[in-house]
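Quick note: the sequence shown uses the numbering used here, first residue 758, plus one each step. Let me begin by presenting the structure, written as structure tokens, before commenting on it.
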Amino acid sequence: MDITLMISRRALELATAFLTGSFGVTVVISSLDNGIGWSSAGVEAGTFPFLTGIIIVLGSLYNLARGVLPAATLANVPVAITPIELRRLAGLFVPAAIFVAAIPLAGMYVASSLYVFAVLAIPRHQSVPRALAMAAATALALYVVFERMFQVSLPHGALAAALGF
């Protein structure tokens, strides 16, 4: 195996700390827009997300420091992800990223159905008819739970708007 194709544990920890820290900062900033603290009605909407964002940022800073400082930690392990493990990780991440990207275009119901079908049928975890049934059941369950029971409209996407739904 070529060592250049592998990711070090230190690089993985630093990248993870940066990503989670960025997420925490985003949560903190968006919470400030919603208001933090107390109002006449009680705790403002952004207070708990703000506190959660602060905890995420602090944890990320801790992980960043542990990844940077030379110590006898797992960060010194030279290889954390081999090419085979990287392919497995991509097998989880790529379909999820495509799913999230498809929601504005296809809507939550269609995107969820396609995602469930893809993760079950393409790697041959389930037969095609069973994967189709599970995909349809997923869309139906999302519709019943959110649209009917909670009366919360999930994104219908540009496709539904174009078709007049």
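Ideal placement from N, C-alpha and C gives every residue a C-beta, glycine not left out.
Given a threshold of 16 other Cβ atoms within 10 Å of its Cβ, counted over all protein chains shown, does residue i qualify as buried or as exposed?
| i | result |
| --- | --- |
| M758 | In this prediction, M758 has a pLDDT of 47, which is less than 50 and means its spatial position is unreliable; what the coordinates show is noted afterwards. Exposed, since its Cβ has fewer than 16 Cβ neighbours within 10 Å. |
| R767 | buried |
| M906 | exposed |
| Y866 | buried |
| V785 | buried |
| S788 | buried |
Please state the DSSP three-state secondary structure of residue i.
| i | result |
| --- | --- |
| L920 | helix |
| G848 | helix |
| I841 | helix |
| I879 | coil |
| S779 | helix |
| V909 | coil |
Among the options, which residue has its Cα nearest to the Cα of residue i?
| i | options | result |
| --- | --- | --- |
| A915 | L862, Y900, V909 and A890 | L862 |
| V851 | G799, Y872 and A772 | Y872 |
| A868 | Y900, F856 and A875 | F856 |
| L769 | L889, A853 and L846 | L846 |
| I860 | A918, A896, H913 and W795 | H913 |
Given residue i, which residues of its chain have a CB within under 7 angstroms of its CB, disregarding the five upstream and five downstream residues?
| i | result |
| --- | --- |
| G792 | E801, A802 and G803 |
| A774 | S817, N820, L821 and G824 |
Could you pull the DSSP bridge partners for residue i from this structure?
| i | result |
| --- | --- |
| S796 | G799 |
| I764 | I838 |
Within a Cβ cutoff of 6 angstroms, which residues of the same chain sit near residue i, ignoring the five residues on either side of it in sequence?
| i | result |
| --- | --- |
| I838 | I764 |
| I760 | Its pLDDT being 48, under 50, I760 is placed unreliably by the model, and the measurement read from it follows with that caveat. None. |
| A878 | V885 and A888 |
Just to confirm my understanding: we take residue i, look at its own chain, exclude 5 residues before and 5 after, and list those with CB closer than 8 angstroms. What are they?
| i | result |
| --- | --- |
| I812 | G781 |
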